[in-house]
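In what follows, a structure is listed as structure tokens, so that the remarks can point back to it.
In structure tokens form, the structure reads like this:
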């Protein structure tokens, strides 16, 4: 089962791709770094197709004159003053790092 | 004069046109980062300038820095570009070890600054207009170090979340020289505005170069992108080497692969970074953590009203007010500190001579000493006074160089040096006449030759008299008196 957030993420992709073919699932899974077994892919493909067609109901509405809605709260983007209020605590930043040395995160080599 | 003809590169099989577009990343000068309260300063120990937002801890919310927005707007206004009163932040998704969020917050469809063009000067005296497509705000990523360990990379997130302005040009440049001139111009503008310190060595300003070649009049060729060039010289080198590489491949019947390349500054060549086999799909979408950025038109107007004098206006004023040559005016208007030094030095003095002394003698000396203008041992009023002593006849231009050398050594005042070393120029006609008489007596044969029609010897006599005076005789007076005596 996908987590709700991943589901949302995948849904957005599919909307942009518009159609789902047999390459869609492996492709978006790779982009999202998800490992999806081959035997699960066709079922997932059907699920995504049904989500997509459900969302497509929105196309029945004419939104040509409607401004895109970013929020329903009526709030404006809050802005912060240019002041240094945090930092200088590498121990806290690194506290969950699986591996660290001399205050660096240490990860498997990521260069060709 | 604006140039419309593209410079072409001659290959083995005919001419090629080079097409260049640049993405310049300019770090916003600010105290704190774009969406967190961690310091944006360069040079701290690893992971010291990192908030839990920058480290992408779960549940952290980005809150935008008002001043970073102001700096982007100021830059847009300084470029004379359209300011978009509504802009939107998007997530640009990709995975990399120094990008803890798994996405970069950027602006995709609705940037805060829109289109404009800037004029760049070229070495042949012409200029060209280069289009800018947009300027948007985005986060910087962290820094990966790959050379510390055989199988591991080390990650420092100090830069993660620092505010960048990405300035995207149109594919309007046609040579490495134009690209270099474009970046120099942008750099001068942001430095004058105070919106980016322009320090390329520290990475505050860097460029990605998109380069392709085509036969004149043909459709665009496939481009490559060379990333993260952090000096104007490297930008020019990378473009030239990439153009040569592409032309060679095409002339051998090959095709250009669209890819990202890296510049190796030890070889001056570019090399493949990653192929686009898994073509980038950044899956942009509006960041749900951030509402649209709405600017108040009055606030934008206020920023516009407080813009400082910019390089083009300053250059025009230097031409107009001081009568400088276009070359000197360009050199001096490149940097606000240089211009301020010049204007102080030139006050009440011969402005052209001051410009000459500054760009030739002073810059040459500082270069040799490895000093910045700010650390110059010779202060601007002292340089002005030195020039004053040349124009009022106290010392000759040649002696002034000796005085200047001593001023550089200990920051002394020119008058003090002239007094102490007895450098005062001799304009006393009696003393000079005596020297001329002595020189003529010693060189009676040459006097005869001169009078016999060998005019060229005049210079010899001037040299001898100047030597006798140890360079302190007023050359004008020497010339006049010599002429009288030799011809008389």
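Residue numbers (the numbering used here), protein chains in the order written: chain A, 23 to 134; chain B, 27 to 514. Cβ coordinates follow ideal geometry from the N, Cα and C atoms, glycine included.
Neighbour-count burial assignment, residue i, 16 or more Cβ in a 10 Å radius
i                     : result
residue 324 (chain B) : exposed
residue 319 (chain B) : buried
residue 230 (chain B) : buried
residue 447 (chain B) : exposed
residue 149 (chain B) : exposed
residue 415 (chain B) : buried
residue 129 (chain B) : buried
residue 302 (chain B) : In this prediction, residue 302 (chain B) has a pLDDT of 48, which is less than 50 and means its spatial position is unreliable; nothing more can be read from the coordinates.
residue 118 (chain A) : exposed
residue 64 (chain A)  : exposed
residue 116 (chain B) : buried
residue 45 (chain A)  : exposed
residue 133 (chain B) : buried
residue 480 (chain B) : exposed
residue 298 (chain B) : exposed
residue 500 (chain B) : buried
residue 377 (chain B) : buried
residue 44 (chain B)  : buried
Bridge partners - residue i, DSSP secondary structure assignment
i                     : result
residue 480 (chain B) : BP columns for residue 480 (chain B) are empty, so no partner.
residue 6 (chain B)   : The question about residue 6 (chain B) has no answer, for chain B in this structure spans 27 to 514.
residue 129 (chain B) : B:119
residue 122 (chain A) : A:127
residue 42 (chain B)  : B:35
residue 195 (chain B) : B:158
residue 25 (chain B)  : What is shown of chain B runs 27 to 514, which leaves residue 25 (chain B) out entirely.
residue 290 (chain B) : B:295
For residue j and residue i, believed in contact at Cβ under 8 Å, the rounded distance
i                     : j                     : result
residue 212 (chain B) : residue 252 (chain B) : Contact doesn't hold; Cβ gap of about 18 Å is too wide.
residue 163 (chain B) : residue 60 (chain B)  : 7 Å
residue 124 (chain B) : residue 82 (chain B)  : Incorrect: roughly 11 Å between the Cβ atoms, too far for contact.
residue 64 (chain B)  : residue 75 (chain B)  : 5 Å
residue 161 (chain B) : residue 102 (chain B) : 6 Å
residue 373 (chain B) : residue 410 (chain B) : 6 Å
residue 108 (chain B) : residue 55 (chain B)  : About 23 Å; that fails the 8 Å criterion.
residue 235 (chain B) : residue 189 (chain B) : Contact flag wrong, Cβ pair sits at about 23 Å.
Contact test: residue i Cβ vs the ligand MN heavy atom, cutoff 8 Å
i                     : result
residue 357 (chain B) : With respect to the ligand MN, the structure offers nothing, as it holds no ligand at all.
Backbone secondary structure at residue i - three-state DSSP
i                     : result
residue 235 (chain B) : strand
residue 303 (chain B) : The pLDDT assigned to residue 303 (chain B) is 48, lower than 50, so where the model puts this residue is not dependable; a value taken from the coordinates is nonetheless given after this. Here residue 303 (chain B) sits in helix by DSSP.
residue 257 (chain B) : coil
residue 157 (chain B) : strand
residue 395 (chain B) : helix
residue 375 (chain B) : coil
residue 440 (chain B) : helix
residue 284 (chain B) : coil
residue 164 (chain B) : strand
residue 110 (chain B) : coil
residue 267 (chain B) : helix
residue 414 (chain B) : helix
residue 363 (chain B) : helix
residue 321 (chain B) : coil
residue 101 (chain A) : strand
residue 184 (chain B) : coil
residue 433 (chain B) : helix
C-alpha gap between residue i and residue j, whole angstroms
i                     : j                     : result
residue 74 (chain A)  : residue 310 (chain B) : 19 Å
residue 33 (chain A)  : residue 223 (chain B) : Below a pLDDT of 50, predicted positions are generally treated as unreliable, and residue 33 (chain A), at 48, falls in that range; the measurement from the model is reported next regardless. Rounded to whole angstroms, residue 33 (chain A) to residue 223 (chain B) spans 42 Å at the Cα level.
residue 201 (chain B) : residue 220 (chain B) : 29 Å
residue 66 (chain B)  : residue 80 (chain B)  : 11 Å
residue 239 (chain B) : residue 94 (chain B)  : 37 Å
residue 434 (chain B) : residue 388 (chain B) : 9 Å
residue 327 (chain B) : residue 382 (chain B) : 40 Å
residue 358 (chain B) : residue 241 (chain B) : 39 Å
residue 292 (chain B) : residue 282 (chain B) : 24 Å
residue 43 (chain A)  : residue 72 (chain A)  : 13 Å
residue 277 (chain B) : residue 269 (chain B) : 12 Å
residue 103 (chain A) : residue 439 (chain B) : 46 Å
residue 477 (chain B) : residue 512 (chain B) : 7 Å
residue 390 (chain B) : residue 441 (chain B) : 22 Å
residue 131 (chain A) : residue 123 (chain A) : 14 Å
residue 482 (chain B) : residue 348 (chain B) : 37 Å
residue 104 (chain B) : residue 259 (chain B) : 25 Å
residue 46 (chain B)  : residue 69 (chain A)  : 45 Å
residue 80 (chain A)  : residue 122 (chain B) : 35 Å
residue 493 (chain B) : residue 232 (chain B) : 54 Å
residue 31 (chain B)  : residue 243 (chain B) : 12 Å
residue 39 (chain B)  : residue 245 (chain B) : 18 Å
residue 267 (chain B) : residue 284 (chain B) : 16 Å
residue 36 (chain B)  : residue 226 (chain B) : 32 Å
Residue i at chain D interface by Cβ criterion, 9 Å
i                     : result
residue 137 (chain B) : Note that chain D does not occur in the displayed structure, where the protein chains are A and B.
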